[in-house]
Every structure is written in C-alpha cells, then in structure tokens.
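The structure appears right after this line, and notes come after that.
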Amino acid sequence: MSELIDQLPCAALTTDADGKILVSNRELISLVGFESEAALPRQVDDLLPPAGRIFLQTHLWPLLRREGRVREAALSLLSPSGERVPVLLNCSRSAPVNGAPRFVWVFFAAVERSRFELELVDARKRAEVAAAQAESATVFINKIANAMPGMVAYFDKNLHCQFANDVYLQWFGKSPQQMIGMSLRALLGEALFAANEPSVRGALAGTRQALQRSLVKPDGSLGHTLAQYIPDLREGKVQGFCVSESDVTQLKNAEIELEMAASVFANTLDGIMIADVNGIIVSVNPAFTQITGYAAAEAVGQRVNLLSSTRNDTGFAAAMAHDLVQHQRWEGESWARRQDGSVFRQWQRVTTTLAANAQRYVFVFNDVTERWHHEERTRKLALYDALTDLPNRTLLLERLGQLIASTAREERKIAVLFLDLDGFKAVNDTLGHEVGDEVLRAVAGRLVGLVRQTDTVARLGGDEFVVLLDNPASLEEVQRIAGLLVTSVNEPIVRGDVQAQIGASIGIALHPLDGRTPTELLKAADVAMYEAKAAGKNTFRSSKSSLARFPGGIA
Amino acid sequence: MKVLGESGPWLIYAHGFGCSQRMWDQVTPFFRSTHRQVLFDYVGAGKSDLRAFDASRYSSLHGYAEDVLDVCDALELESGVTFIGHSVSSTVGLLAPIKRPKLFSRLVLLGPTPCFLNDGDYRGGFEREDLEELLTLMDQNYLGWAHTLAPLVAGSMAPTVSRELSDAFCSTDPETTRVFATTTFLSDNRADLPHVSVPSLILQHRHDALASMAVGEYLHSQLRGSTLQVLDVSGHCAHMSHPKLVADAVQSYLAQPGT
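Chains as they are written, first to last, in my numbering: chain A, 194 to 748; chain B, 10 to 268.
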C-alpha cells in the first residue's frame with residue numbers, strides 16, 4: 194500500500210474514520226514542504242489551518258460519512274513555515290480493513306485555479322459592492338425625485354413608463370406596480386393622448402416640448418398642469434423622454450381670480466388709486482379718471498396729494514396718516530379737488546396691503562357731493578329759521594352751550610339779549626303777512642349788521658330774537674349795543690310804497706351772574722325783557738342780578 | 010421538524026454548524042423504543058423554510074435558542090425534556106433553559122464550547138482572522154465555478170441564483186450559513202454559564218480540533234451539576250463517527266436517578 198501510494202503522481206494519504214493518518218506519500222511531503230515523513234502530523238486536521246479544520250469538521254466529515262466521498266473541495270494545506278498551499282481535495286471511503294473504514298485523501302495542487310477562484314470570489318464581492326452602490330444610487334435618485342414638488346416621469350421610445358415619482362403617481366392615482374410599463378396612451382386616455390400626441394412626436398424627434406393642459410384628475414377635480422417633455426438622447430438617438438410636469442392648478446386659479454379682480458378694478462364705479470410706500474401713485478382705474486378728470490397717464494407718478502383740497506381742515510391729513518399707521522386703514526369723508534379745480538365731496542376708504550412683498554396704499558373713493566349738499570340742506574332746515582336764515586332756537590341753545598362750556602377753559606363773558614318787537618302785530622294785521630315777513634327779514638339784517646361775526650343773532654319764532662354777545666368788554670358795552678339795536682329797529686322799514694315802523698324791547702342777562710345754563714340765561718333775559726316792556730317798551734333792561742353786581746349801571 | 014416514537018420521555022436534538030438534523034440519524038435508533046425524539050433544522054439548514062430567516066434574530070445564539078423553544082411550544086412540551094446538542098448547539102442548549110428553566114430536566118452537550126475565540130487566558134482555539142478565512146473557504150466551496158460566475162454574468166444578485174446550489178452540504182443556503190458561521194464563531198457565552206441550573210452531561214472528544222479538552226474542562230468547572238465524560242476518539246462529530254459510543258453514554262447518563 195505504502196509503495197503503491199508513493200507511485201501516485203499527486204499528494205495522497207489514508208486515514209481511519211477519526212482522521213488519524215495511516216499512510217502518506219512523498220508527493221504530499223514535498224507539496225506541503227515537510228523535511229521528512231516523520232515530521233508529518235498524526236491527524237489530518239493538523240495538516241490544515243484553523244479555518245480548514247473547522248471546515249473539515251463541519252462540512253467535509255459529515256459529507257464523507259453520509260456520501261462516502263467528496264469531490265473537488267477547495268482547501269489550503271498548512272506548511273511547517275505557516276504558508277497556505279491551496280489544494281483541491283478528493284476523498285473517498287475505501288473498503289474496510291479489519292472491519293474499520295479507511296479514507297483515501299488525494300490533494301491536487303491548485304495554485305493557479307485557487308488564485309483564479311479567489312479572484313472570482315473577490316470579483317463577486319466587488320460586484321456585490323457595486324450593486325449595493327448602484328442600488329443606493331437608485332435609492333438616492335428616487336429620494337430626490339420624490340422630494341420634488343413637481344411630477345417627474347420617464348417614458349421610453351415605445352411610450353412605456355419606466356419611472357414615475359410619487360407626485361406623478363398620486364396625480365394619476367396609480368401604484369408604482371401599475372404605472373411602470375404602462376403605456377402613455379392608456380395612462381392619458383384616448384382624448385388627452387390625441388391632444389398630446391404632437392408634443393410626444395416632437396419629443397421623440399429630439400425637440401424639447403412645453404405644453405399646458407387642463408384635465409380632470411382621478412378624484413374628479415379639475416387640475417391644470419404645465420408640462421415639459423425633455424428628450425433623452427444617447428449617441429444622437431432618442432431613447433425616450435423625461436416628463437417634468439408642474440401642477441399649476443393653484444396658479445391657474447389665482448390667475449383666474451386675478452383676472453376677475455382686474456375686471457372689477459376696470460369696471461367698478463368707485464375710483465381706485467394705488468400708491469407705493471412712498472406715496473407715489475402707481476395705478477388708477479377708469480372710474481378714477483371719470484371722477485377726477487385726470488387720465489391714468491397724468492396721475493401715475495404723481496404724489497397721492499394730487500387730489501388734496503384746502504377745504505379740509507388741517508387736522509384731517511394727520512388723522513388719516515395716524516390711522517393708517519396704527520390700523521392700516523382709514524375711512525371717512527373729505528373734500529377733494531378735480532383736475533379742473535372744482536371741489537367735490539368724497540367718501541374714501543384707504544387700506545395698506547402687501548402685494549408681492551411691496552407695501553401698497555389702496556384708495557377707493559366715490560363722489561358724494563350731491564348727497565352732502567342734500568344733507569347740508571336737511572341740517573340747515575333743522576338748525577336755521579327758514580324765513581330769515583338766522584339760527585333757530587336749537588342752534589342758539591347749542592352755541593350758547595358751547596360758549597358756556599368754553600368758560601371752563603378760559604376767562605370769558607357772555608351776554609344774552611332777548612329782543613321782542615313792539616308793534617309788530619299791528620303791522621302784520623294792518624299791512625299783511627307778507628309785509629310782516631319783510632319786516633322780520635329787515636330786522637334780522639339790521640341786527641346781524643350791528644354785531645361781530647363771533648356773535649350770534651337767532652330768531653326764536655314770531656317776533657322774538659336773541660343776540661349772543663361773545664366776550665363783551667363790560668356791562669356798559671352790552672348796554673351800548675342794546676341801545677344801538679333798539680335805535681336800529683326803530684328806523685322805518687320801507688318796501689315799495691309801504692312803510693312800517695316798530696319798536697324793540699330788550700332784556701339782558703349775563704353769564705354766570707344770571708344763570709349757568711342756556712335755559713337759565715334765556716329765562717333771565719326773557720324776564721328782563723318783560724321789565725323793559727313794563728317800563729314803556731322800546732327800551733332795554735338788565736336782569737336784577739346783573740344790576741346788583743353792577744349797581745348804577747342801569748340806563 | 011420530525012418526531013420519532015410515540016411514548017416515553019422527550020429527547021430534542023439540535024444540530025451543529027454546517028449540518029442538519031440528519032447528523033443524528035445513527036444515534037436515534039438507540040432510543041426509538043424508549044423515547045419520543047424530536048429532530049429539527051435551524052432556519053437555513055436542511056430543508057427549512059428560508060422565508061423564516063431573519064438575519065438580526067440569528068446574529069446571536071439567543072435567536073437559535075428561541076427556535077428550540079418554538080419547537081417545544083409547537084409540541085406543547087412543558088417539562089421533563091432532555092436536550093441533546095452538538096458543538097454550537099450545546100451553547101444554544103445552555104441558553105434555552107435560562108429562558109425556560111422548567112422545560113428542561115437534563116442537557117447532553119456533545120463537543121461543546123462556550124466561545125471559539127481565544128481571549129486572554131481562555132483558549133477557545135481560534136482567532137478572528139480564522140473566521141474570515143473560513144468564510145472565504147465557504148464561499149469557494151459553496152459557490153463553486155458556476156455560482157461564482159453566475160451573478161457576475163447575470164449582473165443580478167437575485168437570491169434564486171444561490172438557492173440552486175448543489176445540496177452536497179447539509180446547509181444548503183450560503184447566506185444563512187454565513188450568518189450561522191459568524192454567530193457561531195464570534196459568540197462568547199461564557200458569562201451565561203453560571204445562570205444554567207439544569208444538570209448536564211459534557212461529552213468531550215479526546216482529540217478535537219474545534220473544542221479542546223481544556224475547553225471541556227473549563228465548561229465543567231463553570232457549569233453547576235455537570236458531568237464530564239471523555240470519549241476516547243478523535244474528531245468533533247462522535248455522533249456520526251461513533252454513534253454507539255455516544256448513545257451508550259447518553260443512555261447511562263439518563264439512567265442515573267434525576268438530580
């Protein structure tokens with residue numbers, strides 16, 4: 194046996210069922226690099242490095258025991274100097290000797306093959322790494338495509354979908370499994386596909402396409418998209434095209450709203466003026482031109498005070514500016530001036546708004562001049578005597594109240610002169626109402642002519658008048674004026690060929706001696722007037738309190 | 010999973026790395042008339058269902074111990090089970106009763122080692138580089154020419170390619186076997202030993218390239234209630250090379266009155 198095994202042209206040995214080496218040959222000794230057979234270990238395990246021993250015990254022995262043979266197992270033998278000698282092992286169970294099984298182990302030096310195998314194993318590992326990297330690159334690209342707000346898809350030249358990002362899938366309500374491989378025609382439906390076909394052809398011909406579409410989404414709502422078909426060219430040939438589509442539904446809706454807003458701007462009867470943050474007019478509407486006479490080209494570029502009227506009091510502009518700063522809006526009536534210089538009453542609302550990050554002032558106004566005149570007339574009817582245009586009792590009491598109120602802030606005297614005509618009833622009865630009215634108007638004119646602008650002449654009704662003197666110098670001054678009033682009334686009143694002569698009795702009351710309220714003062718003056726009547730008419734009397742304060746002052 | 014016998018106490022066999030339940034085929038006949046015997050494959054070994062493979066579960070021997078408990082649960086076993094494990098499965102057999110002490114009455118550990126790696130004074134017998142070399146060796150032998158080239162040519166890493174491997178080895182799936190190899194040879198369960206309360210029989214091969222006498226003695230010193238019995242054989246798989254020897258040892262151990 195030993196001799197026979199030595200004849201073999203390859204390394205070989207025999208073991209028992211436990212792996213104990215029974216016989217080995219010279220080829221083995223020289224292959225592994227042992228000095229002599231004596232140096233050879235006793236166990237086949239010890240010919241192998243640790244990894245080989247594990248493999249032997251966990252893989253080869255189980256196989257040998259079950260199958261009785263092992264073919265071309267790759268192993269390394271361990272040389273005495275610790276080097277690995279790559280070998281291929283064939284091993285088989287031979288006929289038992291003395292009832293004990295024998296195993297024949299043949300090793301083929303496999304330096305070249307083993308190196309190639311190791312290179313293959315290495316190449317496989319590299320391929321695995323490359324595949325993993327490619328996969329992670331795909332994952333990365335998907336991540337980016339899915340992070341994009343727009344729809345991204347790729348269709349090959351046969352118009353089959355090869356890629357679609359999440360947004361694209363969502364728009365069409367498809368799963369990736371449904372989408373990939375789906376034809377564009379099936380995806381869009383016949384009608385839409387027909388509409389898009391020219392663009393598809395263009396893209397397949399290598400030209401980038403841009404198109405706008407309105408379509409009903411799977412959820413039933415109407416959407417608008419802006420699409421680009423970008424051809425995928427490789428070596429000059431179109432391989433397919435990329436679809437990059439933006440959902441412009443909101444933009445489109447905003448555009449529609451903008452169009453509506455523009456239409457309102459153009460057609461409303463309200464004048465609209467838009468100014469920038471520096472108060473320069475940037476836009477006006479047709480109604481603005483209608484109301485103010487300024488053409489748009491004339492108004493734009495001007496300051497917002499283009500329409501300002503001096504008729505507004507000085508506090509008006511400041512109040513508006515204050516409200517705009519505090520509340521971003523102002524609303525109210527004011528006077529404005531047209532291009533031709535005429536003044537009109539405007540009701541105006543001013544708001545500040547942010548448009549595209551720029552602050553804007555929006556002035557919306559309309560012409561309320563007519564209404565204002567109407568209201569003025571109404572107001573006048575309520576406060577003025579229709580016959581004489583003098584303030585009536587209501588306005589008198591209001592002004593007297595204001596004067597009294599002002600005494601709280603400043604030193605101020607107030608005199609109330611209650612005047613009742615003497616002999617007016619006779620004129621009325623004998624010469625008629627028309628003359629009577631003439632007489633009343635004439636008296637009114639004379640009274641107004643004798644007092645200052647700051648004083649007030651009012652008609653209470655009938656032949657009763659009241660004169661308010663604002664801050665007279667003294668009681669003497671008041672009495673002097675009262676005297677002038679009487680004299681003035683006594684002058685004959687001539688209308689055509691009719692002549693009337695009347696007298697006047699006047700009662701004087703002073704604030705605060707004769708009363709602290711308008712009513713008290715009027716009452717005191719009225720009482721004093723009756724005293725003048727009692728004293729023979731056509732004269733004046735001061736109230737008793739005034740006399741007590743100013744003794745000897747009596748006329 | 011396979012159950013042999015219809016009556017008697019339960020024996021559950023767990024195979025080692027690189028093998029399947031078939032490795033016990035020569036031992037089970039000795040117990041056929043006296044015991045009910047359970048054989049199973051870990052996921053990835055033998056004819057197990059690969060879909061059940063979970064790389065993170067099997068990155069620790071605890072995952073394999075859960076497999077053992079799952080098998081016992083499927084049979085509704087609650088107590089009195091004798092666990093027989095080979096090599097790395099001996100360690101699995103030590104972990105299972107820590108999780109479920111009442112289930113097991115005895116452990117038989119064939120060629121056990123709690124840690125294959127050398128660590129200070131502890132001589133497990135192997136270094137980390139040896140594991141790397143083993144993995145390469147497995148790649149060479151599992152994949153062979155066709156399977157080394159196939160993924161390169163096909164440009165695909167499709168798992169179906171590797172499943173068509175020759176089933177010459179007991180473990181048919183190279184990927185799960187790699188995981189098992191890594192877990193087997195990198196696990197260190199020495200710290201678990203004091204927590205084992207079930208009595209055990211250590212069957213130590215006299216000349217074992219994978220689990221030395223020193224490792225067997227170390228285990229014996231760390232395991233309470235353990236019996237060390239040396240089988241006068243070389244190798245790591247006495248249940249295959251000397252099945253009667255193993256069966257006799259187990260039978261006489263089980264014949265002893267329970268502790």
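Cβ coordinates follow ideal geometry from the N, Cα and C atoms, glycine included. From a predicted model like this one, the values you see are computed outputs, not experimental measurements.
By a C-beta neighbour count over all protein chains shown, 10 Å radius and 16 as the cutoff for buried, is residue i buried or exposed?
{"i": "B:S96", "result": "buried"}
{"i": "A:R264", "result": "exposed"}
{"i": "A:T546", "result": "exposed"}
{"i": "A:T149", "result": "Residue 149 of chain A lies beyond the residue range present for chain A, which begins at 194 and ends at 748; the question has no answer from this structure."}
{"i": "B:G164", "result": "In this predicted model, B:G164 has a pLDDT of only 40, less than 50, meaning its place in the structure is not dependable; the value taken from the coordinates is given anyway. When all chains shown are included, B:G164 counts as exposed."}
{"i": "A:N446", "result": "exposed"}
{"i": "B:G89", "result": "exposed"}
{"i": "A:E450", "result": "exposed"}
{"i": "B:P160", "result": "Interpretation of B:P160 is limited by its pLDDT of 44, a score under 50 that renders its predicted location unreliable; the figure taken from the coordinates is listed afterwards. Label assigned to B:P160: buried."}
{"i": "A:F309", "result": "exposed"}
{"i": "A:P255", "result": "buried"}
{"i": "A:G745", "result": "Here the model assigns A:G745 a pLDDT of 41, short of 50, so the residue's position is not dependable, and the following value carries that caveat. The residue is exposed, with fewer than 16 neighbouring Cβ atoms inside 10 Å."}
{"i": "A:Q200", "result": "exposed"}
{"i": "B:D130", "result": "exposed"}
{"i": "A:V457", "result": "exposed"}
{"i": "A:I597", "result": "buried"}
What are the start and end residues of the beta strand (DSSP E) that includes residue i?
{"i": "B:W19", "result": "W19 to A23"}
{"i": "A:E603", "result": "Neither: A:E603 is in no beta strand (DSSP E) and is coded neither H nor E."}
{"i": "A:W528", "result": "R522 to R530"}
{"i": "A:H417", "result": "L415 to R427"}
{"i": "A:K430", "result": "K430 to D440"}
{"i": "A:P289", "result": "R277 to V290"}
{"i": "A:W298", "result": "A293 to A302"}
{"i": "B:L237", "result": "S235 to S243"}
Excluding five sequence neighbours on each side, which residues of the same chain lie with their C-beta closer than 8 Å to the C-beta of residue i?
{"i": "B:L240", "result": "L212, Q213, H214, R215, A247, H251, L254, V255 and A258"}
{"i": "B:Y262", "result": "R115, V117, L210, T236 and Q238"}
{"i": "B:L143", "result": "A190 and F194"}
{"i": "A:K730", "result": "D615, G696 and S698"}
Return the chain-ordered list of same chain residues with a C-beta closer than 6 Å to the C-beta of residue i, the five sequence neighbours on each side being excluded.
{"i": "A:H353", "result": "G374 and S376"}
{"i": "A:Y723", "result": "none"}
{"i": "A:L612", "result": "F658, A697 and I699"}
{"i": "A:A404", "result": "The sequence as given places Leu at residue 404 of chain A; Ala does not occur at that position. Answer for A:L404: S392 and A420, listed in chain order."}
{"i": "A:V477", "result": "M466, A489 and A492"}
{"i": "A:Y487", "result": "Q532"}
{"i": "A:A323", "result": "none"}
{"i": "A:P424", "result": "A396, G399, V431 and F434"}
{"i": "A:S736", "result": "A702, D707, A717 and A721"}
{"i": "B:R172", "result": "At B:R172, the pLDDT of 32 sits below 50, so the modelled position is not reliable and the matter cannot be decided from this model."}
Between residue i and the ligand NAD, is there a pair consisting of the residue's CB and a ligand heavy atom that are separated by less than 7 Å?
{"i": "A:V299", "result": "This structure simply doesn't include the ligand NAD, nor any ligand for that matter."}
In chain order, what residues of the same chain have a beta carbon less than 7 Å from the beta carbon of residue i, not counting five sequence neighbours either side?
{"i": "A:T442", "result": "G416 and H417"}
{"i": "B:W154", "result": "Residue confidence is low: B:W154 scores 42 on pLDDT, short of 50, so the model does not pin down where it sits. No coordinate-derived value is stated."}
Could you check where the alpha helix (DSSP H) with residue i kicks off and where it finishes?
{"i": "B:G72", "result": "L70 to A83"}
{"i": "A:D719", "result": "P711 to A727"}
Three or more C-beta pairs under 8 Å: does that hold for the region 235-242 of chain A against the region 270-278 of chain A? yes
Determine which residues of the region 545-579 of chain A have a Cβ less than 8 Å from any Cβ of chain B, and write them out in chain order. none
Count Cβ pairs between the region 596-612 of chain A and the region 653-665 of chain A that sit closer than 8 Å; are there 3 or more? yes
Can you give me, in chain order, the residues of the region 368-389 of chain A that have a beta carbon less than 9 Å from any beta carbon in chain B? none
Within 7 Å of chain A by C-beta, residues of the region 229-254 of chain B in sequence order: V242, S243, G244, H245, C246, M249 and S250
Can you find at least 3 beta carbon pairs, one from the region 329-348 of chain A and one from the region 424-443 of chain A, that sit closer than 8 Å? yes
Could you tell me whether the region 571-591 of chain A touches the region 693-700 of chain A, where touching means 3 or more Cβ pairs closer than 8 Å? no
So, do the region 42-49 of chain B and the region 60-72 of chain B have three or more beta carbon pairs nearer to each other than 8 Å? no
Does the region 684-693 of chain A come close enough to the region 708-715 of chain A to have 3 or more Cβ pairs within less than 8 Å? no
Stretch-stretch touch, CB-based, cutoff 8 Å, three pairs: the region 623-631 of chain A with the region 557-571 of chain A: no
Under 8 Å: do the region 128-146 of chain B and the region 245-257 of chain A share three or more Cβ pairs, one atom per stretch? yes
Taking 8 Å as the threshold, find out whether the region 554-566 of chain A comes into contact with the region 459-473 of chain A through three or more Cβ pairs. yes
Spell out a yes or no on whether the region 355-364 of chain A and the region 334-344 of chain A are touching, meaning 3 or more CB-CB pairs, one atom from each, closer than 8 Å. yes
Against chain A, which members of the region 28-53 of chain B pass a CB distance test of less than 8 Å? C28, R31 and M32
What residues in the region 245-262 of chain A have a beta carbon less than 8 Å from any beta carbon of chain B? G245, R246, I247, F248, L249, Q250, T251, H252, W254, P255, L256, R258, R259 and E260
Give the residues from the region 263-281 of chain A that approach chain B closer than 9 Å (Cβ to any Cβ), ordered along the chain. V263, R264, E265, A266, A267, L268, S269 and R277
Using a beta-carbon distance cut-off of less than 7 Å, what residues from the region 209-228 of chain B approach chain A? H216, A218 and L219
Determine which residues of the region 209-242 of chain A have a Cβ less than 7 Å from any Cβ of chain B, and write them out in chain order. A210, D211, G212, K213, Q236, D238 and P242
Listed in chain order, which residues of the region 310-330 of chain A have Cβ atoms closer than 8 Å to some Cβ of chain B? E310, L311, L313, V314, A316, R317, A320, E321 and A324
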